[in-house]
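Report on the following structure.
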Amino acid sequence: MGLLRKNRKSNGRSRTAKTAPRAVESNGRSRMCRFERMESRQMLSADFSPIQIGAVYFEDAIGIDAGGDLIEITWVGGAPNTQLTELIIDTDKRNNGELSDGDPFFDVDANPPGTSGSSPLIIDTQRTTGIDHIEDPIISVDGTKLVMRFTGFDPGDRLVFSVDVDEEGYPTTPLVEGKEFQYSRLQATFAAENYFDATGIDDFLDAYDDKLRGSGLELPADRYTPADEDPLPDQTAGAIFQVEQTLLPTIV
3 MGLLRKNRKS
13 NGRSRTAKTA
23 PRAVESNGRS
33 RMCRFERMES
43 RQMLSADFSP
53 IQIGAVYFED
63 AIGIDAGGDL
73 IEITWVGGAP
83 NTQLTELIID
93 TDKRNNGELS
103 DGDPFFDVDA
113 NPPGTSGSSP
123 LIIDTQRTTG
133 IDHIEDPIIS
143 VDGTKLVMRF
153 TGFDPGDRLV
163 FSVDVDEEGY
173 PTTPLVEGKE
183 FQYSRLQATF
193 AAENYFDATG
203 IDDFLDAYDD
213 KLRGSGLELP
223 ADRYTPADED
233 PLPDQTAGAI
243 FQVEQTLLPT
253 IV
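For reference, each letter of the sequence shown is one residue, going 3 to 254 in this note's numbering.
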């Protein structure tokens, strides 16, 4: 009976359940204490250098242009086992989804609007190094977008290919120098285990030496000099940029 009396309030009702502890605020009201769920931890960076990637375009024709123009691409840095999986070169400068006056385009067949001959995309197998596999390139119907996908494109590997580039206009121009290729865009996507896929984009510039020097990439400088020829800085353009990677969330 003594225990029963201890468990009864003065009004005679018995307690039937335990309640969570309450804290008393300064105004006299009570508030409920609760446990809050903690958020998962996510590392945002690691101990490796950022990805540096660059591409150099070179118009190698003076006068009649029936052959391919050169594009050279390489990259360094990144998390362990990172690979370059996709490249896109987009020459739609206004980004309006169509071939407009002043846009370069890849002239890969004899059909309009190309002029002065055409040349398909050809991989330079002598200068391309290290890449395990290159899928068949995809070029949009209007010629303004080139998509290339790879397996085993590792840091320090190099891609060199030729493809004829013309410029839309009145009339269409067969020679596309660096200033005319400028503001075309290079986009690159990288993949690595335990990391989100990382994508970066940058404009080609006619004068790109300052960006090239800061990247540490082994690519032709603006004053590109073919064998036994004078420097040709007006005929080059380069896109060079950095890509950051982020670790996938880790629950701890």
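Beta carbons are placed, not taken as given, at the ideal position from N, Cα and C, and that holds for glycine.
In whole angstroms, what is the alpha-carbon distance linking glycine 171 and glutamate 179?
-> Here residue 171 refers to the residue found at position 169 when the sequence shown is read from its first residue. Here residue 179 refers to the residue found at position 177 when the sequence shown is read from its first residue. Looking at the two C-alpha atoms, the distance is approximately 14 Å.
Which residues in the same chain have their Cβ closer than 7 Å to the Cβ of lysine 95, if we skip the five residues on either side of it in sequence?
-> As a first step, residue 95 is located in the sequence shown; it is residue number 93 there, counting from the start. Excluding positions up to five away in sequence, the list reads Gly104, Asp105, Tyr185, Ser186.
Proline 52 beta carbon less than 8 Å from that of glutamine 244 = Counting from one through the sequence shown, the residue named residue 244 turns up at place 242. Counting from one through the sequence shown, the residue named residue 52 turns up at place 50. Yes.
From glycine 79 to valine 162, what does the alpha carbon distance come to, in whole angstroms?
-> Start at 1 with the first residue of the sequence shown, and residue 79 comes out as number 77. Start at 1 with the first residue of the sequence shown, and residue 162 comes out as number 160. Approximately 20 Å between the Cα atoms of the pair.
Beta-carbon gap between isoleucine 141 and phenylalanine 152 smaller than 8 Å | Reading the sequence shown from its first residue, position 139 is the one you call residue 141. Reading the sequence shown from its first residue, position 150 is the one you call residue 152. The answer is no: Cβ separation not under 8 Å.
Return the chain-ordered list of same chain residues with a C-beta closer than 6 Å to the C-beta of methionine 150, the five sequence neighbours on each side being excluded.
-> Within the sequence shown, numbered from 1, the residue matching residue 150 stands at position 148. For methionine 150, where only same-chain residues beyond five positions count, the Cβ hits under 6 Å are Leu89, Pro139.
With burial defined as no fewer than 16 other Cβ atoms inside 10 Å of the residue's Cβ, what is the status of aspartate 199: buried or exposed?
-> As a working note, residue 199 is residue 197 in the sequence shown. By the neighbour-count rule (16 or more Cβ atoms within 10 Å), aspartate 199 is not buried but exposed.
Going by other Cβ atoms of all chains shown within 10 Å of its Cβ, with 16 needed for buried, is isoleucine 124 buried or exposed?
-> For this step, residue 124 is matched to residue 122 along the sequence shown. Burial call: exposed.
Buried or exposed: which applies to proline 251, given that a residue is buried once 16 or more other Cβ atoms fall within 10 Å of its Cβ?
-> What you label residue 251 is simply residue 249 of the sequence shown in a count that begins at 1. Proline 251 is exposed by the Cβ-count criterion.
Answer yes or no: do serine 164 and serine 120 have a C-beta to C-beta separation smaller than 8 Å?
-> Along the sequence shown, read from residue 1 onward, the residue named residue 164 stands at position 162. Along the sequence shown, read from residue 1 onward, the residue named residue 120 stands at position 118. No, Cβ-Cβ distance for serine 164 and serine 120 is not below 8 Å.
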